[in-house]
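Visitor: In our numbering, the protein residues as written are 8 to 323.
The C-beta atom is built at its ideal place from N, Cα and C for all residues, glycine as well.
What follows is a structure written as structure tokens; I'll ask about it next.
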């Protein structure tokens with residue numbers, strides 16, 4: 008037997024071992040890179056909070072190190088008086104490869120009063136994309152959420168209102184950020200969950216349960232196909248969007264729909280002419296439930312029941 012032949016069994020054993028570390032084989036090729044063991048040793052991009060310049064249509068962004076950002080916050084703090092400046096931060100989810108969170112932050116920025124609001128996003132994809140789904144959610148909960156909360160508090164302790172929007176694993180990230188904000192500031196807090204992900208054996212009751220009467224949570228989701236499974240959160244006002252999805256796309260429908268409630272239409276060219284359904288009876292959902300659309304809208308949101316049987320938005 009040749010020397011190569013003698014060692015074939017060792018090579019085969021090594022391959023089997025690597026595959027066992029990679030986890031169950033997925034139903035597509037190639038296997039997901041996050042399951043390969045060496046991916047864990049790659050140096051990820053650091054998570055960063057970006058703030059869009061508070062000028063309509065501007066492409067400029069600031070980071071926490073920017074003196075211009077602090078100048079903008081100081082200007083807003085003075086202009087807003089006792090109400091305090093307001094902040095919106097959008098957070099992507101696991102394996103998120105699009106730019107919807109940047110686009111959403113910019114779209115909201117273009118709608119609100121620039122003398123009161125600052126809008127941005129928290130990019131943690133370099134961390135989230137190298138981990139499995141549950142691991143990424145755990146990191147969001149234990150590390151990146153508290154980190155984002157601390158960054159927001161470091162920017163200002165005078166916030167009057169903070170609206171955090173998160174997708175999938177990002178829901179746990181904004182949840183933990185909200186705990187820090189509620190503890191260290193007097194800001195009212197709005198959490199918007201888009202297709203919240205609950206890892207196996209985790210308690211959904213923990214998501215949205217902030218120990219503050221200044222916090223309100225809404226949760227928009229589509230039921231899983233074909234199981235039609237739905238996740239009802241005990242601490243959120245639940246809204247089911249399943250029946251109004253116009254068709255498939257690369258992004259989860261909850262993201263596309265929420266953006267459409269801001270801009271008035273879907274961003275994908277093939278769905279531009281599709282109506283954006285938001286109403287259930289007299290209540291309008293989506294962006295209309297936020298402080299960004301006015302104090303009266305926000306005050307009404309605070310009266311909506313949490314832990315509800317999901318409200319079903321239908322085409323009319």
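(1) Give the DSSP-derived three-state secondary structure of residue 119 in the structure shown.
(2) Taking just the CA atoms, how far does residue 285 sit from residue 294?
(3) Beta strand (DSSP E) containing residue 197: first to last residue?
(4) Quick check: residue 112 and residue 93, are their CB atoms within less than 8 Å of each other?
(5) For residue 114, which residues in the same chain have their Cβ closer than 7 Å to its Cβ, ignoring the five residues on either side in sequence?
(6) Tell me which same chain residues have a C-beta within less than 7 Å of the C-beta of residue 55, skipping the five on either side of it?
(7) Measure from the alpha carbon of residue 76 to the alpha carbon of each residue in 150, 255 and 61, then state which is nearest.
(8) From this set, 181, 173, 175 and 218, which residue's C-alpha is nearest residue 193's C-alpha?
(9) Between the segment 247–260 and the segment 225–232, do at least 3 Cβ pairs fall closer than 8 Å?
(10) Under a Cβ-count criterion, where at least 16 other Cβ atoms within 10 Å of its own Cβ denotes burial, should residue 159 be classed as buried or exposed?
(11) What residue does the alpha helix (DSSP H) around residue 168 start on, and which one ends it?
(12) If you reduce the DSSP assignment to three classes, tell me which class residue 128 lands in.
(13) Are there three or more Cβ pairs, one per stretch, closer than 8 Å when the segment 130–145 is compared with the segment 165–174?
(14) Could you name each continuous alpha helix (DSSP H) segment of 4 residues or more that falls completely within the segment 250–320, going from the start of the chain to the end?
(15) What would DSSP say about residue 238, mapped onto helix, strand or coil?
(16) Check whether the Cβ atoms of residue 123 and residue 87 lie closer than 8 Å to each other.
(17) Can we say the segment 209–216 touches the segment 238–246, given the rule of at least three CB pairs closer than 8 Å?
Guide: Working from what's here:
(1) Residue 119: coil per DSSP, three-state reduction.
(2) Taking the straight line from one Cα to the other gives about 9 Å.
(3) For residue 197, the uninterrupted beta strand (DSSP E) run begins and ends at 195–201, by DSSP.
(4) no
(5) 266, 269 and 270
(6) Same-chain partners within the cutoff: 70 and 130.
(7) 61
(8) Out of 181, 173, 175 and 218, the CA that lies nearest to the CA of residue 193 is found in 218.
(9) In short, these stretches touch, since the Cβ pair count reaches three.
(10) buried
(11) No alpha helix (DSSP H) holds residue 168; the beta strand (DSSP E) holding it covers 168–174.
(12) strand
(13) Taking 8 Å as the limit for Cβ pairs, the verdict is that the segment 165–174 does not touch the segment 130–145.
(14) 260–270 and 302–308
(15) coil
(16) A contact, by the Cβ cut-off of 8 Å.
(17) yes
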